[in-house]
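A.B. asks: Residue numbers (our numbering), protein chains in the order written: chain A, 2 to 218; chain B, 71 to 137.
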Amino acid sequence: MENTTHIEFFSKFAAMTFEQIKQVLKTKTVGIAGCGGLGSNCAVALARVGVGRLVLADFDLVQEGNLNRQFYFYDQIGILKVAALKQNLFRINPDVRVNTFEIRLCESDIIEIYNQCDVIVEAFDKPEMKYMILDTVHKYMPEKYLVMGVGMAGWGDNNLIHSRQAGKLIICGDEINAVDTECPPLAPRVGVVAYMQANAVLEILLGANEQQIHSGI
Amino acid sequence: MKIILNNKEESFAGDQFTINELLQVKNFTFKMLVIKVNGLIVKKGEFDSTWVHDGDDVMVLHLISGG
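1) Determine the chain A residues that contact residue 78/B at a beta-carbon separation under 9 Å, and present them in chain order.
2) Only counting the same chain, and skipping five residues up and downstream in sequence, which positions put a Cβ closer than 7 Å to that of residue 119/A?
3) From residue 151/A to residue 85/B, what distance separates their C-alpha atoms?
4) State whether the stretch 99-113 of chain A contacts the stretch 45-65 of chain A, with contact taken as three or more CB pairs (one from each stretch) at a distance under 8 Å.
5) Assess, as a yes-or-no matter, whether the stretch 86-95 of chain B is touched by the stretch 116-131 of chain B under the definition of 3 or more beta carbon pairs within less than 8 Å.
6) Take the Cβ of residue 114/A as the centre, count every other Cβ of all protein chains shown within 10 Å, and call the residue buried at 16 or more, exposed below.
7) Can you round the beta-carbon distance between residue 56/A and residue 77/A to whole angstroms, since I take them to be within the 8 Å contact cut?
8) Compare the Cα-Cα distances from residue 1/A to each of 74/A, 117/A, 104/A, 146/A and report the closest residue.
9) May I ask you to report which of helix, strand or coil DSSP gives residue 146/A?
10) Enumerate in chain order the residues of its own chain whose CB-to-CB distance from residue 222/A is below 7 Å, with the five nearest sequence positions on each side excluded.
11) Whole beta strand (DSSP E) runs in the stretch 16-65 of chain A with 3 or more residues, listed along the chain?
12) Against chain A, does residue 71/B count as a neighbour if the rule is that its beta carbon must be under 8 Å from one of theirs?
13) Note down, in chain order, every chain A residue with its Cβ under 7 Å from the Cβ of residue 136/B.
14) Three or more beta-carbon pairs under 8 Å between the stretch 83-93 of chain A and the stretch 162-169 of chain A, yes or no?
15) Please work out which residues of its chain come closer than 7 Å, Cβ to Cβ, to residue 1/A, disregarding the five sequence neighbours upstream and downstream, and give them in chain order.
16) At 7 Å on the CB atoms, spell out the chain A contacts of residue 104/B, in chain order.
17) Once DSSP output is grouped into helix, strand and coil, what is the label at residue 167/A?
18) Could you tell me the boundaries of the beta strand (DSSP E) in which residue 88/B lies?
19) Is the shortest distance between the beta-carbon of residue 46/A and the beta-carbons of chain B less than 8 Å?
20) Residue 107/B and residue 130/B: beta carbons closer than 8 Å?
21) Report the residue ranges of all alpha helix (DSSP H) runs contained in full by the stretch 88-119 of chain B; include only those spanning at least 4 residues, in chain order.
22) What does residue 167/A touch in chain B if you count any residue whose Cβ is under 9 Å from its own?
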């Protein structure tokens, strides 16, 4: 039994070359709600593999305290995160198209901005905002996949970090460790969860196209 | 009765219970909880009036800060 599982597991990844993967991904749009530790790192991963368009929203400026985990540079302190992230994404992949929104997202913004996205990545820090986007997507865009990050503060405990799925909702994180002064968010765990979110996005985007690839469309 | 709670089958006494009773039994005392029963989100005000039955698929998600 175990051998069979291994073969299936392996063949899933052997099914597409990077060129084929890029062909699929360049037609896709991913929404990133929040450009902090989760959003900035997730966007970088998606730009690297060739997702065609990223839709970024955040109201905040880059601050020195962000640099312990967020994908910004010292010389970007004081500029808008969406602008700084756009610059960084272009330096990685000049072909990526990036739409930026300098706003504190509310329900109607989410519907308007992310309506055209294939997948939405929730990358807020406050639980109230996480609830708001979950509720909004569920109410108004139930056909849309939402990939959330829940629980990534502190360090260590690699094996507590997991992902699970309930319908079109995917949750990544340890679902335990909230941020506080004695349990700060740090690059390694935040990065693991951000990249796990990006990995879930790829699974959705490439999975839906698997048949097209095999049938040569 | 048996339900699927967070992707795992769990057994409980009785034929049905409310969301609030489930939260008490499981000792889920968190503030920002999202509950889905058979894929549908249950509003916070309806935790006392929403029943869980045998075979239901229940997701409990605790939203915490960090991102």
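We put the CB at the ideal spot given by N, CA and C, even for glycine.
C.D. replies: Reading from the atomic positions:
1) Result: empty, since nearest Cβ-Cβ is about 10 Å, beyond 9 Å.
2) 29, 30, 31, 206
3) 32 Å
4) yes
5) yes
6) buried
7) Contact doesn't hold; Cβ gap of about 20 Å is too wide.
8) This structure cannot settle anything about residue 1/A, because the visible part of chain A is limited to 2 through 218.
9) strand
10) The requested residue 222/A does not occur in the structure, where chain A is confined to residues 2 to 218.
11) 30-34, 54-58
12) no
13) 126, 152, 153, 154, 179, 180, 186
14) no
15) Residue coverage of chain A in this structure runs from 2 to 218, which leaves residue 1/A outside it and unanswerable.
16) 132, 135
17) strand
18) 86-88
19) no
20) no
21) 89-95
22) 76, 77, 106, 109, 127, 129, 131
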